[in-house]
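Last residue of the sequence shown? That's 1002 in my numbering, and every number before it is there in order. The beta carbon of each residue, even a glycine, is placed where N, CA and C say it ideally should be.
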Amino acid sequence: MQEQWQDQAMALAGVFQAAALVERLAKTGAVPNENLKTTVGSLFEFDPDNVEVVFGGSPDYRFGLSVGINTLKDIFDSKRRSARFADLVGCVVGLIHLARQLRKNRDMQDGVGRRLREIHGRLTAAGGLLAASDDAVIAAVATCYQETLSTLKFRIQVRGDARYLRDPEIAQKIRAVLLAGVRAAMLWHQIGGRRWHLPVFRKRILRALCDIS
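Structure (structure tokens):
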């Protein structure tokens, strides 16, 4: 049972990391490359043996998921709800909602999966010369998001500095990270995570986070 909570905590950290990276990109224009690589790279783990593999395997996930783990701890540790988390939590809720919509749309699921496998094929063909955080990969993943999830009625509203939001490269990174966040939210749901768990099992999730970090 504890292992299940740890898996759920790891997947949830993936969702929160995506939201945190989106917020940082929108407000500062920059994020740690290792965290970006881990988040976008999780999209290309199609048949993982476990949740750790999705985020780089053990012990690498502790570094690659550090932003998500620490962000989740900060929020769950807070004695009172802080306004500084409002945009981030709003993004998390949006990612979970988009994941639910994607689960209901089998055709779109198949389309996203097919596109990601094509992008992964290019990564493989490059013989390791391309990383998940490279511009060409980010651009391809961003296009995948734009032509699939962005066509749904519900859209995540990203708030930030207009200078960064209008920058094409930053906008592509935001879209790529949003797609990875939706994937993490789907994974979280697949292994038993539910939105109502967040307020109800807050302490249990926090303990699991401490175990995996």
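Annotation for Gly-910: the continuous alpha helix (DSSP H) segment containing it runs 895-914. With contact defined as three or more Cβ pairs closer than 8 Å, the stretch 815-828 and the stretch 851-861 are in contact. Counting of Cβ neighbours within 10 angstroms places Gln-806 among the buried residues, the total reaching 16 or more. Taking Val-930 as the centre and dropping the five residues before and after it, the same chain places the C-beta of Val-829, Leu-832, Ile-908, Ala-965, Leu-968 closer than 7 Å to its C-beta, in chain order. In the DSSP assignment, Phe-852 falls within the unbroken alpha helix (DSSP H) covering 849-853. In this chain, Gly-982 is not harboured by any alpha helix (DSSP H), its DSSP state being neither H nor E. Using a Cβ-Cβ distance cut-off of 8 Å, the stretch 805-821 and the stretch 977-996 are not in contact, since fewer than three pairs of beta carbons, one from each stretch, lie closer than that value. The stretch 936-951 makes contact with the stretch 884-897; the number of CB pairs closer than 8 Å reaches 3 or more. Secondary structure at Leu-941: coil, using DSSP grouped into helix, strand and coil. In this chain, the alpha helix (DSSP H) harbouring Val-811 covers 791-817. By the C-beta density criterion, Cys-933 is buried, having at least 16 other C-beta atoms within 10 angstroms. Shown here for Asn-824: same chain residues with a beta carbon closer than 6 Å to its own, the five before and five after excluded, namely Val-856 in chain order. Taking Gly-845 as the centre and dropping the five residues before and after it, the same chain places the C-beta of Thr-827, Gly-853 closer than 6 Å to its C-beta, in chain order.
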